[in-house]
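Below: one structure, written as structure tokens.
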Amino acid sequence: MIKHEIRDIVEADADQLMALWRETWTATYSPVLGSEAVAAMLEDLDQNKLDGMLPGKGERGICLASDEGIIGTVVVAERCATAQIWGLYVRPRHQGCGCGTKLLAAACNPLPPEMKIEVRVLFTSEPAISFYKRHGFVEIGTECSVLPGHVSVPTSVMLASVGELRA
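Numbering-wise (this note's numbering), the sequence shown opens with residue 38 and increments by one.
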């Protein structure tokens, strides 16, 4: 059995994070956005490195590491009464094994139970929408989001109570 460690992202993780995002973005977005959009996203990642994904002030980047290296990430930021998460990616070969759930729990654990948590998910990403619904998120609206590479996509805005996620 592979041992997993949840920890904060550090600068030394840069190469592994780039590799993880290249793999997960290609697997996640190619089928629904096409190769041109994914190429633009990857080019943006290559040019801007981690700046567009890693947390800024008041945000926390979390990774799930194993003997194989980093296998998943999530970023969380508190914004008044609502926290936002993004960048929850798990390597395809580790999906369906509870890794995403561990990352979601790590993002939520420090937050007060009365806080709401929000995420934006590609409209066409049924696996991601199902994942968040299983964890208590409900769809509250739609909006256009801009991914790296200036790729505009319709997203579903989903919301949950931190206290309910811990139940």
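Glycine included, C-beta positions come from ideal geometry on N, C-alpha and C.
- Nearest C-alpha to residue 137 among 125, 148, 166 and 145: 125.
- Checking the DSSP bridge columns, you'll see residue 105 has no partner listed.
- With respect to the 8 Å criterion, residue 144 and residue 122 are classified as neighbours on the basis of their beta carbons.
- For residue 153, the uninterrupted beta strand (DSSP E) segment begins and ends at 153-159.
- Annotated three-state conformation of residue 125 is strand, per DSSP.
- For residue 202 and residue 173, the gap between their C-alpha atoms comes out near 6 Å.
- Exposed is the label assigned to residue 88, since fewer than 16 other Cβ atoms lie within 10 Å of its Cβ.
- It is roughly 18 Å from the alpha-carbon of residue 193 to the alpha-carbon of residue 111.
- Pairing residue 70 with residue 190 gives a Cβ-Cβ distance under 8 Å.
- Counting every other CB atom within 10 Å of its CB across the protein chains shown gives residue 186 a total of 16 or more, marking it as buried.
- Comparing alpha-carbon positions, the option among 181, 130, 117 and 132 lying closest to residue 153 turns out to be 117.
- The Cβ-Cβ distance between residue 108 and residue 127 falls below 8 Å.
- The beta carbon of residue 53 sits closer than 6 Å to those of 106 and 107, all from its chain and outside the five residues before and after it, given in chain order.
- Annotation: the continuous beta strand (DSSP E) that includes residue 181 extends over 175-184.
- Here residue 75 is buried. Its C-beta has 16 or more other C-beta atoms within 10 Å.
- The residues 185 and 186, in chain order, have a CB closer than 6 Å to that of residue 81 in the same chain once the five nearest residues on each side in sequence are set aside.
- Across the set 151, 160 and 179, the C-alpha of 151 shows the shortest separation from the C-alpha of residue 200.
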